[in-house]
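In what follows, a structure is listed as C-alpha cells, so that the remarks can point back to it.
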Amino acid sequence: MINQAQFKQILSELNGKATLVAVSKTKPVEDIRELYDLGQRDFGENYVQELLEKQPQLPADIRWHFIGHLQSNKVKYIAPFVHLIHGVDSYKLLNEINTQASKNNRTIDCLLQVHISGEETKFGFDEEELSLFTETVAKYQQLSVLNHVRICGLMGMASFSDNEALIRREFAILKTLFSKYAQSSIPSIQFSILSMGMSSDYKIALEEGSTMVRIGSLLFGQRNYNAS
Ligand SMILES: *Cc1c(COP(=O)(O)O)cnc(C)c1O
336 MINQAQFKQI LSELNGKATL VAVSKTKPVE DIRELYDLGQ RDFGENYVQE
386 LLEKQPQLPA DIRWHFIGHL QSNKVKYIAP FVHLIHGVDS YKLLNEINTQ
436 ASKNNRTIDC LLQVHISGEE TKFGFDEEEL SLFTETVAKY QQLSVLNHVR
486 ICGLMGMASF SDNEALIRRE FAILKTLFSK YAQSSIPSIQ FSILSMGMSS
536 DYKIALEEGS TMVRIGSLLF GQRNYNAS
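The opening position of the sequence shown corresponds to residue 336 in my numbering, with each subsequent residue numbered one higher.
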C-alpha cells in the first residue's frame with residue numbers, strides 16, 4: 336500500500352526542482368505498480384537479484400536506479416536496462432560498467448559515491464580520492480577509453496542521527512564538492528545530479544541543494560527484512 340497523501344506532499348515540496356527516486360527495495364511489484372499508476376517513473380533498488388526479478392514484471396518505461404553497493408561481477412545483469420548507477424566508488428567498478436555498457440551499445444550514467452558521514456563504512460570516496468579519481472577518468476576519456484560511461488554527479492548519505500546540524504553540515508560538504516566539479520573545465524566531468532536525502536533527512540538535503548532524493552519508507556511504509 337502506497338501512502339498517496341505523502342507522495343503528493345513530497346512532490347509538492349520538490350516542486351519540479353529535484354527528482355524523486357522511489358526506493359522500492361523489499362517491496363512487492365504491486366506497490367511499485369500503484370505508484371507508477373500515480374505517475375511515478377523513477378524507482379530505486381539496492382539488490383541486483385531483486386531488481387532482476389521485478390524489472391520484467393513492470394512497465395518498460397520505468398527508470399531503474401541502482402542505489403546499493405554494486406559488485407563488479409553483477410554489472411552485466413543490469414547493464415541492458417539500468418538508468419543511473421548511484422554508488423560508483425572504484426575504478427574497477429567503473430571500468431566494468433563501461434565494458435558492459437559497450438556490449439549493450441549503451442552509455443550508462445553514473446554517480447560517484449562520497450563518504451560524508453563520520454560513520455565507518457567501506458564505501459565512498461573521501462575528498463582527496465575523489466579528486467584523484469576524476470582526474471584519472473578525465474585522462475582515460477581523453478584517450479577514448481571509458482567512453483561508455485558518463486559521470487553525472489555525486490551521491491552521499493548523511494549520518495543516521497537526529498542531530499540536524501550535523502546532517503546539514505555533511506550535506507553542505509557534498510554540495511561544495513558538487514559545485515566545484517559542476518564548474519570544472521574537464522569536458523567529460525559534467526556534473527548535473529546531486530543525489531542526497533532519504534525519508535528522514537530529505538528536507539534538509541533539499542535546503543542544502545539536493546537535485547535528487549531517494550525516498551523509501553515514507554512512500555511504501557517501513558521495510559520488514561524478516562518477512563518472507
Ligand atoms: C534504503 C535506501 C534509501 C531509502 O531509505 P528510506 O529511509 O526508506 O527513505 C535511500 N538511499 C539508499 C542508498 C538506500 O539504501
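Ideal Cβ placement from N, Cα and C applies to all residues, glycine included.
Exercise. What's the gap between the Cα of residue 380 and the Cα of residue 455?
Worked result: 23 Å
For this session: Could you please give the first and the last residue of the uninterrupted beta strand (DSSP E) stretch that includes residue 558?
Result: Per DSSP, residue 558 is not a residue of any beta strand (DSSP E), being assigned neither H nor E.
Exercise. Considering only C-alpha positions, which residue in the set 514, 496, 419 is nearest to residue 486?
Worked result: Taking only the C-alpha atoms, the option nearest residue 486 is 419.
For this session: Starting from residue 503, follow the beta strand (DSSP E) in both directions and report where the run begins and ends.
Result: Here residue 503 belongs to no beta strand (DSSP E); instead the alpha helix (DSSP H) covers 499-517.
Problem set entry | Residue interval of the alpha helix (DSSP H) (run including residue 413) | 410-413
Problem set entry | Collapsed DSSP secondary structure at residue 546 in the structure displayed | coil
Exercise. Starting from residue 398 and walking both ways along the beta strand (DSSP E), at which residues does that stretch end?
Worked result: 398-401
Exercise. If you draw a straight line from the alpha carbon of residue 540 to that of residue 347, how long is it in whole angstroms?
Worked result: 15 Å
Problem set entry | Endpoints, beta strand (DSSP E) assigned at residue 354 | 354-358
Exercise. Starting from residue 526 and walking both ways along the beta strand (DSSP E), at which residues does that stretch end?
Worked result: 524-530
Exercise. Short check: CB of residue 505 to CB of residue 517, under 7 Å?
Worked result: no
Problem set entry | residue 364 to residue 478 span [Cα, whole Å] | 43 Å
Exercise. Taking three-plus beta-carbon pairs below 8 Å as touching, is the segment 416-434 in contact with the segment 494-501?
Worked result: no
Problem set entry | Where residue 458 sits in the DSSP three-state scheme | coil
For this session: Taking residue 396 as the reference, give the member of 448, 384, 368, 409 with the closest Cα.
Result: 368
For this session: Alpha carbon to alpha carbon, how far is residue 532 from residue 450? Give it in angstroms, no decimals.
Result: 14 Å
Exercise. On the premise that residue 358 lies in contact with residue 549, defined as a C-beta separation below 8 Å, what is that separation, rounded to the nearest angstrom?
Worked result: 5 Å
For this session: For residue 465, count neighbouring C-beta atoms within 10 Å of its own C-beta (all shown protein chains included) and say buried if the count is 16 or more, exposed if not.
Result: buried
Exercise. Would you say residue 429 faces chain C, with C-beta separation under 7 Å as the test?
Worked result: The structure shown contains no chain C; it is built from a single protein chain.
For this session: Could you tell me if residue 563 is buried or exposed, where buried requires 16 or more neighbouring beta carbons within 10 angstroms of its beta carbon?
Result: In this prediction, residue 563 scores a pLDDT of 46, lower than 50, which makes its location untrustworthy; the coordinate-derived value is nonetheless stated afterwards. So residue 563 counts as exposed.
Exercise. Is residue 445 near residue 484, with beta carbons less than 7 Å apart?
Worked result: yes
Exercise. Given a threshold of 16 other Cβ atoms within 10 Å of its Cβ, counted over all protein chains shown, does residue 480 qualify as buried or as exposed?
Worked result: By the 10 Å Cβ count, residue 480 comes out exposed.
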